[in-house]
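**Q** Numbering (my numbering), first residue to last: 1 to 335.
Cβ atoms here follow ideal geometry from the backbone N, Cα and C, with glycine treated the same way.
Since we're looking at a predicted model, the values are computed, not measured.
(1) Of all the CB atoms in chain D, is at least one closer than 8 Å to the CB of residue 61?
(2) With 16 as the cutoff for other CB atoms within 10 Å, does residue 68 come out buried or exposed?
(3) Just how far apart, CA to CA, sit residue 71 and residue 58?
(4) When burial is assigned at 16 or more other CB atoms within 10 Å of the CB, is residue 154 buried or exposed?
(5) In angstroms with no decimal places, state the Cα-to-Cα distance between residue 126 and residue 100.
(6) If the criterion is Cβ atoms closer than 8 Å, does the pair residue 221 and residue 284 meet it?
(7) Determine the closest residue to residue 325 out of 53, 77, 51 and 161, with distance taken between C-alpha atoms.
(8) Roughly how many angstroms separate the alpha carbons of residue 78 and residue 86, rounded to a whole number?
(9) Go ahead and label residue 252 buried or exposed: buried means 16 or more other beta carbons lie within 10 angstroms of its beta carbon, across all protein chains shown.
(10) Report yes or no: do three or more beta-carbon pairs, one from the stretch 262-269 and one from the stretch 230-250, lie closer than 8 Å?
(11) Under 8 Å by Cβ, that's how I've got residue 174 and residue 109 pegged, so tell me the actual separation to the nearest angstrom.
(12) Which runs of the alpha helix (DSSP H) at least 4 residues long sit entirely within the stretch 76-110? Give them in chain order.
(13) Where does residue 327 fall in DSSP's three states?
(14) So if DSSP puts residue 128 in a beta bridge, which residue, or which two residues, is it bridged to?
(15) Answer with buried or exposed for residue 42, where buried requires no fewer than 16 other C-beta atoms within 10 angstroms of its C-beta.
(16) Throw me the rounded Cβ distance for the residue 320 and residue 236 pair, which I believe falls under 8 Å.
(17) Roughly how many whole angstroms lie between the Cα atoms of residue 107 and residue 245?
(18) Among 178, 254, 297 and 200, which residue has its Cα nearest to the Cα of residue 309?
(19) From this set, 156, 179, 178 and 182, which residue's C-alpha is nearest residue 170's C-alpha?
(20) Pick helix, strand or coil for residue 234, following the three-state DSSP scheme.
(21) Within its chain, find whatever has a CB closer than 7 Å to the CB of residue 150; leave out the 5 residues flanking it on each side and keep chain order.
(22) Between which two residues does the alpha helix (DSSP H) harbouring residue 221 extend?
(23) Leaving out the 5 sequence neighbours to the left and right, which residues in its chain are closer than 8 Å to residue 93 when beta-carbon positions are compared?
(24) Taking the Cβ atom as the reference point for each residue, do residue 207 and residue 189 lie within a distance shorter than 8 Å?
(25) Identify whether residue 59 lies in helix, strand or coil by the three-state DSSP scheme.
(26) Within a Cβ cutoff of 6 Å, which residues of the same chain sit near residue 50, ignoring the five residues on either side of it in sequence?
(27) Going straight from the alpha carbon of residue 384 to that of residue 331, what length do you get?
(28) For my contact list, residue 163 and residue 323 are in at a C-beta cut-off of 8 Å; report their separation, rounded to the angstrom.
(29) Check whether the Cβ atoms of residue 232 and residue 316 lie closer than 8 Å to each other.
(30) Suppose contacts are defined by Cβ-Cβ distances below 8 Å. Is residue 116 in contact with residue 130 by that definition?
(31) I need the straight-line Cα distance from residue 333 to residue 280, nearest angstrom please.
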């Protein structure tokens, strides 16, 4: 079974209606890809990329590649063969194919499939994940994902003018799936990839998808930085829990977002530890710095202006991943 590194539960605003048609079925599943030990290189077409594309796009094994290699010969250059495989995967829908190529060209990521799995939904229930593609009524997810990445590029480009960025804003690939019961997990980070649920509870708007993916992509960066959050933020996280325990009212001032799962603040769910706390802080950083870049006021006081632990944790995240940049006005400064 794939180990789910993180999944985003329900967040506000409430979910919109799910697409009218069920996600299309995919070819039979195969073994999942192995975890990436380090951040992927900047180059889109790395050695072995074409073979990886067979697995990502078609869940192909060495026993089921003959047809693929007849349609997209192994004699093709890597870039050409990867594009051939993308074209073949989305040959039945022109608009989806255009979006799959846009994702590849802009991020280097493939719009692939998650192998069939049964896993925990984050609430102690088993849920089946089945491979699917973002086509038909589900093509809107392609558009939301592309919009998210375009905003990340704009954001990091602007922040990068003030400091050296160490945050990679994309996964190796997207692995799409759907759940036949319920909408959790909505997304998760695993093996350098992001799993994305076409029926995810929170995957209902451009803004919600943008925030959810930033959270998950932070998990990938955390792993690429050697599991940074555990050592860097673990002591702060432990101090907060020692003070508050499971008391929601006590925890609220320390919560970076109002994301919840089962009525509990997601930053402090017992199974999440410092990893989820860190990912929620990174999301809060993204939200606040975007507003500051655009010259817009924050809707609530800055996270750093709460308890001292907030400023300490936010500063650590900013220094490790975002060059220490903080464009939000100092606490108490005139608006």
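**A** Answer, in terms of the structure:
(1) Going by chain labels, chain D is absent from the structure shown, which holds only one protein chain.
(2) Walking along the chain shown from the start, residue 68 turns up at place 68. Buried.
(3) Sequence index remark: in the chain shown, residue 71 carries index 71 (1-based). Sequence index remark: in the chain shown, residue 58 carries index 58 (1-based). Looking at the two C-alpha atoms, the distance is approximately 13 Å.
(4) Sequence index remark: in the chain shown, residue 154 carries index 154 (1-based). Exposed, since its Cβ has fewer than 16 Cβ neighbours within 10 Å.
(5) One-based indexing of the chain shown puts residue 126 at position 126. One-based indexing of the chain shown puts residue 100 at position 100. So the alpha carbons of these two residues sit roughly 31 Å apart.
(6) Residue numbering aside, residue 221 sits at position 221 when the chain shown is read from its first letter. Residue numbering aside, residue 284 sits at position 284 when the chain shown is read from its first letter. Contact flag unset, no.
(7) Locating residue 325 in the chain shown gives position 325, counting from the first residue. Answer by Cα proximity: 161.
(8) Start at 1 with the first residue of the chain shown, and residue 78 comes out as number 78. Start at 1 with the first residue of the chain shown, and residue 86 comes out as number 86. When rounded, the distance between both Cα atoms is 12 Å.
(9) Indexing the chain shown from 1 puts residue 252 at position 252. That one is exposed.
(10) yes
(11) Within the chain shown, the letter at position 174 stands for residue 174. Within the chain shown, the letter at position 109 stands for residue 109. About 6 Å; that satisfies the 8 Å criterion.
(12) 78-89 and 94-107
(13) Counting from 1 along the chain shown, the entry for residue 327 is found at position 327. Here residue 327 sits in coil by DSSP.
(14) Translated into the one-based positions of the chain shown, residue 128 becomes position 128. DSSP, once it has assigned bridges, lists 118 as partnering residue 128.
(15) The residue given as residue 42 occupies position 42 in the chain shown. Caution is warranted here: a pLDDT of 47 is assigned to residue 42, below 50, making its placement in the model unreliable, and no coordinate value can be reported.
(16) The sequence position of residue 320 within the chain shown is 320, counting from 1. The sequence position of residue 236 within the chain shown is 236, counting from 1. No, residue 320 and residue 236 are not in contact; Cβ-Cβ is about 13 Å, not under 8 Å.
(17) One-based indexing of the chain shown puts residue 107 at position 107. One-based indexing of the chain shown puts residue 245 at position 245. Taking the straight line from one Cα to the other gives about 41 Å.
(18) The residue given as residue 309 occupies position 309 in the chain shown. Checking every option, the nearest Cα to that of residue 309 belongs to 254.
(19) Taking the chain shown and counting its residues from 1, one reaches residue 170 at position 170. Minimum Cα distance to residue 170 is reached at 156.
(20) Your numbering for residue 234 matches position 234 in the chain shown. Helix at residue 234.
(21) On the chain shown, residue 150 is found 150 positions in, with the first residue counted as 1. So the list is empty, once near-sequence residues are dropped.
(22) Taking the chain shown and counting its residues from 1, one reaches residue 221 at position 221. 206-224 is the span of the alpha helix (DSSP H), which, as asked, contains residue 221.
(23) Position 93 of the chain shown, counted from the start, is the residue given in the question as residue 93. Here the set comprises 135, 136 and 139.
(24) In the chain shown, counting from the first residue as 1, residue 207 sits at position 207. In the chain shown, counting from the first residue as 1, residue 189 sits at position 189. No, the pair does not count as a contact, with Cβ atoms beyond the cut-off.
(25) The residue given as residue 59 occupies position 59 in the chain shown. Reduced to three states, the DSSP call for residue 59 is coil.
(26) As a first step, residue 50 must be located in the chain shown, where it is residue number 50. 78, 81 and 82, listed in sequence order.
(27) With the chain covering 1 to 335 only, the question about residue 384 has no answer from this structure.
(28) Working through the chain shown from its first residue, we reach residue 163 at position 163. Working through the chain shown from its first residue, we reach residue 323 at position 323. Correct: roughly 2 Å between the Cβ atoms.
(29) The residue labelled residue 232 in the question sits at position 232 within the chain shown. The residue labelled residue 316 in the question sits at position 316 within the chain shown. Yes.
(30) To locate residue 116, count along the chain shown from 1; it is residue 116. To locate residue 130, count along the chain shown from 1; it is residue 130. Yes, they are a contact pair.
(31) Looking up residue 333 in the chain shown gives position 333. Looking up residue 280 in the chain shown gives position 280. Taking the straight line joining both Cα atoms gives about 25 Å.
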